[in-house]
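Chemist: Would you mind keeping the following structure in view while I ask a few things?
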Amino acid sequence: MDNIRIAEKFNHMAQMLEFKGESQFKTRAYTNAARTIKGLDEELQVLHKEGSIEDIPGIGKILKSKIVEMFETGTFEAYERTMDEIPAGIIEIMNVPGIGPKTARLFYEKLGVQTVDELSRAAREHRIRRLPRMGEKQEDKILRSIARQKEDKDHGRHPYVLAKDIAREITDNLKQSSDIEKVAVAGSLRRKQDTVGDIDLIAISEEPEKAISCFTGMEKVEEILESGTTKAAIIYPGNFHVDLRIVSRDSYGSMLQHFTGSKEHNIHLRKLALSKGYSLNEYGMTDESTGKLTKFSSEDDLYKNLGLEYLSPELREDRGEVEASLRGKLPKLIERKDIKGDFHVHSNWSDGANTMEELAEAAILRGYEYIAITDHSHSTGVANGLSDKRLLEHIDAIDKLNEKYDEIRILSGTECDIKADGKLDYSNDLLEQLDIVVVAVHAGLDQDRKKMTKRIVSALENEHVDIMAHPTGRKFGKRPPYDMDMETVIQAAKDNEKVLEINSSPWRLDLNDINAKRAKEHGVMLAINTDTHTIDHLDNVEFGINMARRAWLEPDDVLNTMSLKQICSRLDIPKE
DNA sequence: GCCGTTTTCGGCCCGACTGTTTTCAGTCG
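Mind the numbering: the first sequence is residues -16 to 559 in the numbering used here, read in order.
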């Protein structure tokens, strides 16, 4: 049982308890514990051996005993008992937007509805409207929600890069309006999460109702979900749920902070405010004893008033950032200007679109000191992987290219396949001739956890290997991460002094923030690579940096912030 | 179910919008 699975069980338990009508505080305890566990830097199994599970905030005696029970049996008794009490489809019904535990329970008790399909039928047959507090509109709303959910394969989440473009289009549109003074992106998009559920925008306007109708009246709006005097929500093409909140100038800082979240971060701030005698909301801070409201026009002022250093949006996940800020121990997050090169780039020797020259020139344009050309190895036949003979020619071609350029050093490399048995695609004799060896898994992705973990670890034990590329193999909308034990892989990287990649492709972002943070905590270095296949991809480094910042990475945690000189000495590459 | 330099009991973040109501419960973020 790893942390992710334990967190999932607790989340599921919380939903079942909600349905049963248990105390909201009890269900919240499960939800909080699940969230905390997901963000842990250590496996609970390890913490258990150290006897420190109960030190985790939000986990007390009872939840600890359930975790231990899961180590032994894969589940816990209360969970199984609750599962028996509740029809399996109920949770799915609660996941339909607009339907919460109370409504799901009402449908179950009065109509016997146990699945989403049965709910759909009940709505079509107009049986819903006969229930208390239900009507025609509710039936419509439920049917639309179910339809939207069905056509949405990605469970309402969109890759950051797509959401960013949509947000740009909408904010550009709103800026045209004379009733809107300023528009800003908030929510998970501003926190630069790898995927975002919906797009949150805030706008300053002295004419809120005009601003709202400008938003809901945009040409491409597919559906208006809600439209009030200060807030509206729409569906935009591509199944994007977009929220807009209107704010006056003097509360802008409070509102931006509030709608940037995360929810958990905000809850933490409000508790902190309460402990100082203030109540915090999206309009400002109210002194509990005098009732006086202080508004904040900037986020900076708000954080200062709470006794905190300014927190970058990427950190606002309640993963220890508030405590770190109180102690003045916030990380100095990595920035794009810190990046001095790229270690994962493909040329037209394998499946890239550009020549080595074009790649070198593009890297020079971006101010890089070095770039590694890492074409595929022969097992990846579909990508025109290099045979042993072509790899030697590849090395020669790079040598020649280096004679041409003074501004940049081109490193000879490979993205070498880790075969199913953990052996590498090239012999050690060949690998030794390269400046840098990046390894990756591309085939045989359905191996079981044990095999996959062993396969990766044995590659990391090879003395010539430098970097493990896209370590979990996930691709948004295509495939989940392959099954492996991240704890063991991170430990192997540590023991063998290997670097783990943050792959910057917006469809991969692998490692993600949580795993990258774990790697850092274990003292493993990371590389932010782009996996470039056409020169434009070099700019995807922006997305990798987003992940790195969310993982609390500082320049010293990242290999490609080093100068060429430092890289040569670390990787044992001849200087000329 | 968790937690505690006011508390081992009694708290647990805060507000907008909708649909159905004639004052509010439910949901969401």
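Glycine included, C-beta positions come from ideal geometry on N, C-alpha and C.
Can you grab the Cα-Cα spacing for the pair E300 / T19, in whole Å?
Modeler: Counting from 1 along the first sequence, the entry for residue 300 is found at position 317. Counting from 1 along the first sequence, the entry for residue 19 is found at position 36. Whole-angstrom Cα-Cα distance: 10 Å.
Chemist: Taking the C-alpha atoms as reference points, what is the distance between T154 and A186?
Modeler: Here the question's residue 154 lines up with position 171 in the first sequence. Here the question's residue 186 lines up with position 203 in the first sequence. Taking the straight line from one Cα to the other gives about 9 Å.
Chemist: Taking C-alpha atoms, which residue in H505, I322, F279 lies nearest to L547?
Modeler: For this step, residue 547 is matched to residue 564 along the first sequence. That would be I322, whose Cα lies nearest to the Cα of L547.
Chemist: Ignoring anything shorter than 3 residues or poking outside the stretch 128 to 170, list the beta strand (DSSP E) runs there in chain order.
Modeler: If we require 3 residues or more, the beta strand (DSSP E) runs fully inside the stretch 128 to 170 come out as 165 to 169.
Chemist: Could you check whether the stretch 85 to 105 touches the stretch 6 to 17, counting it as contact only if at least three pairs of C-beta atoms, one from each stretch, sit closer than 8 Å?
Modeler: With the cut-off at 8 Å, the stretch 85 to 105 and the stretch 6 to 17 do not touch.
Chemist: Within 8 Å, do at least three Cβ pairs link the stretch 429 to 441 to the stretch 392 to 399?
Modeler: The answer is no - the stretch 429 to 441 does not touch the stretch 392 to 399, with fewer than three Cβ pairs under 8 Å.
Chemist: Have a look at S48, Y62, E101 and flag the residue whose alpha-carbon is nearest the alpha-carbon of G72.
Modeler: Counting from 1 along the first sequence, the entry for residue 72 is found at position 89. The shortest Cα separation from G72 among S48, Y62, E101 belongs to E101.
Chemist: At what residues does the alpha helix (DSSP H) containing E297 begin and finish?
Modeler: The residue labelled residue 297 in the question sits at position 314 within the first sequence. Per DSSP, E297 belongs to no alpha helix (DSSP H) and is neither H nor E.
Chemist: Tell me, please, whether the stretch 291 to 309 touches the stretch 505 to 516 by the rule of three or more beta-carbon pairs shorter than 8 Å.
Modeler: Touching, no.
Chemist: Given 6 Å as the limit, tell me if L309 has its C-beta closer than that to any heavy atom belonging to the ligand NAD.
Modeler: This structure does not include the ligand NAD; it has no bound ligands of any sort.
Chemist: Would the beta-carbon of M(-1) fall within 7 Å of that of I45?
Modeler: Indexing the first sequence from 1 puts residue -1 at position 16. Indexing the first sequence from 1 puts residue 45 at position 62. For M(-1) and I45, no; Cβs fall outside 7 Å.
Chemist: Considering only DSSP beta bridges, list what C399 is partnered with.
Modeler: The residue given as residue 399 occupies position 416 in the first sequence. For C399, which the question treats as bridged, DSSP gives the partners V422.
Chemist: Would P454 and L483 qualify as a contact pair, given that the criterion is a beta-carbon distance under 7 Å?
Modeler: Counting from 1 along the first sequence, the entry for residue 454 is found at position 471. Counting from 1 along the first sequence, the entry for residue 483 is found at position 500. Cβ atoms of P454 and L483: closer than 7 Å.
Chemist: What are the start and end residues of the beta strand (DSSP E) that includes T357?
Modeler: For the purposes of this step, residue 357 is identified with residue 374 of the first sequence, where counting begins at 1. Where T357 is concerned, the enclosing beta strand (DSSP E) stretches over 353 to 359.
Chemist: Measuring CA to CA, which of L554, L145, S330 is closest to Y219?
Modeler: Within the first sequence, residue 219 is the residue found at index 236, counting from 1. It is L145 whose Cα lies nearest to the Cα of Y219.
Chemist: Opposite I207 in the DSSP bridges: which residues?
Modeler: On the first sequence, position 224 is the one that residue 207 refers to. Per DSSP, I217.
Chemist: Just mark D408 as buried or exposed, buried being the case when its beta carbon has 16 or more other beta carbons within 10 Å.
Modeler: To locate residue 408, count along the first sequence from 1; it is residue 425. So D408 ends up on the buried side.
Chemist: Going by alpha carbons, who is nearest to I50 out of A106, M(-16), T544?
Modeler: The residue labelled residue 50 in the question sits at position 67 within the first sequence. Nearest of A106, M(-16), T544 to I50, Cα basis: M(-16).
Chemist: Mind checking H109: buried by the 16 CB within 10 Å criterion, or exposed?
Modeler: Taking the first residue of the first sequence as position 1, residue 109 is located at position 126. Exposed, because fewer than 16 other Cβ atoms sit within 10 Å of the Cβ of H109.
Chemist: Can the beta-carbon of K503 be found less than 7 Å from the beta-carbon of D540?
Modeler: Position 520 of the first sequence, counting from 1, holds the residue named residue 503. Position 557 of the first sequence, counting from 1, holds the residue named residue 540. In this structure, D540 lies closer than 7 Å to K503 by Cβ.
Chemist: Looking at D400: is its Cβ nearer than 7 Å to the Cβ of S441?
Modeler: Position 417 of the first sequence holds residue 400. Position 458 of the first sequence holds residue 441. Cβ atoms of D400 and S441: not closer than 7 Å.
Chemist: Thinking just about the alpha-carbon of each residue, which of Q28, E341, P40 is nearest to the one in F54?
Modeler: One-based indexing of the first sequence puts residue 54 at position 71. Per the Cα distances, Q28.
Chemist: Would you call the stretch 332 to 345 and the stretch 528 to 538 touching, i.e. three or more CB-CB distances under 8 Å?
Modeler: No: the two stretches stay apart, fewer than three of their Cβ pairs being nearer than 8 Å.
Chemist: In chain order, which continuous runs of the alpha helix (DSSP H) of length 4 or greater are located wholly inside the stretch 466 to 544?
Modeler: Within the stretch 466 to 544, the complete alpha helix (DSSP H) runs of at least 4 residues are 469 to 478, 496 to 504, 524 to 533.
Chemist: Might you give, ordered along the chain, the residues of its own chain that have their beta carbon closer than 8 Å to the beta carbon of L610, omitting 5 neighbours on each side?
Modeler: What the structure shows of the chain is the stretch from -16 to 559, and residue 610 is not part of that stretch, so it cannot be assessed.
Chemist: Pick from L384, I391, V305: whose alpha carbon is nearest that of Y351?
Modeler: What you label residue 351 is simply residue 368 of the first sequence in a count that begins at 1. Out of L384, I391, V305, I391 has the C-alpha closest to the C-alpha of Y351.
Chemist: Go through its chain and collect everything with a Cβ distance to K477's Cβ below 7 Å, but skip five positions before and after it.
Modeler: Residue 477 sits at position 494 when you count from the first residue of the first sequence. Correct list, in chain order: H505, G506, V507.
Chemist: May I ask which residues mark the beginning and end of the beta strand (DSSP E) holding Y62?
Modeler: Numbered from its first residue, the first sequence carries residue 62 at position 79. Element bounds for Y62: not the beta strand (DSSP E) but the alpha helix (DSSP H), 60 to 68.
Chemist: Please return the same chain residues whose Cβ sits closer than 7 Å to the Cβ of E209, not counting the five positions on each side in sequence.
Modeler: In the first sequence, the residue the question calls residue 209 occupies position 226. These residues qualify, in order along the chain: A215, A216.
Chemist: Can you list, in chain order, the residues of its chain with a C-beta nearer than 6 Å to that of E265? Leave out the 5 residues immediately preceding and following it.
Modeler: Taking the first sequence and counting its residues from 1, the one referred to as residue 265 is at position 282. Hits under 6 Å: S237, M238, H241.
Chemist: Take N495 and list the residues in its own chain whose beta-carbon comes closer than 7 Å to its own, dropping the five residues that flank it on each side.
Modeler: Here residue 495 refers to the residue found at position 512 of the first sequence. Taken in chain order, the residues that qualify are D177, M530.
Chemist: For the stretch 218 to 288, which segments carrying the alpha helix (DSSP H) assignment without a break, of at least 4 residues, lie completely within its bounds, in sequence order?
Modeler: Counting only runs of 4 or more, we get 235 to 243, 246 to 258, 282 to 288.
Chemist: Let's test the definition: count the other Cβ atoms within 10 Å of the Cβ of P489 and tell me whether it reaches 16, buried, or not, exposed.
Modeler: Numbered from its first residue, the first sequence carries residue 489 at position 506. That one is buried.
Chemist: In whole angstroms, what is the alpha-carbon distance linking G244 and K406?
Modeler: Within the first sequence, numbered from 1, the residue matching residue 244 stands at position 261. Within the first sequence, numbered from 1, the residue matching residue 406 stands at position 423. Cα to Cα, the separation comes out at about 45 Å.
Chemist: Pick helix, strand or coil for L126, following the three-state DSSP scheme.
Modeler: Position 143 of the first sequence holds residue 126. DSSP places L126 in helix when its eight states are reduced to three.
Chemist: The beta strand (DSSP E) with D382 in it runs from where to where?
Modeler: In the first sequence, counting from the first residue as 1, residue 382 sits at position 399. Unbroken run through D382 is the alpha helix (DSSP H), 371 to 387; no beta strand (DSSP E).
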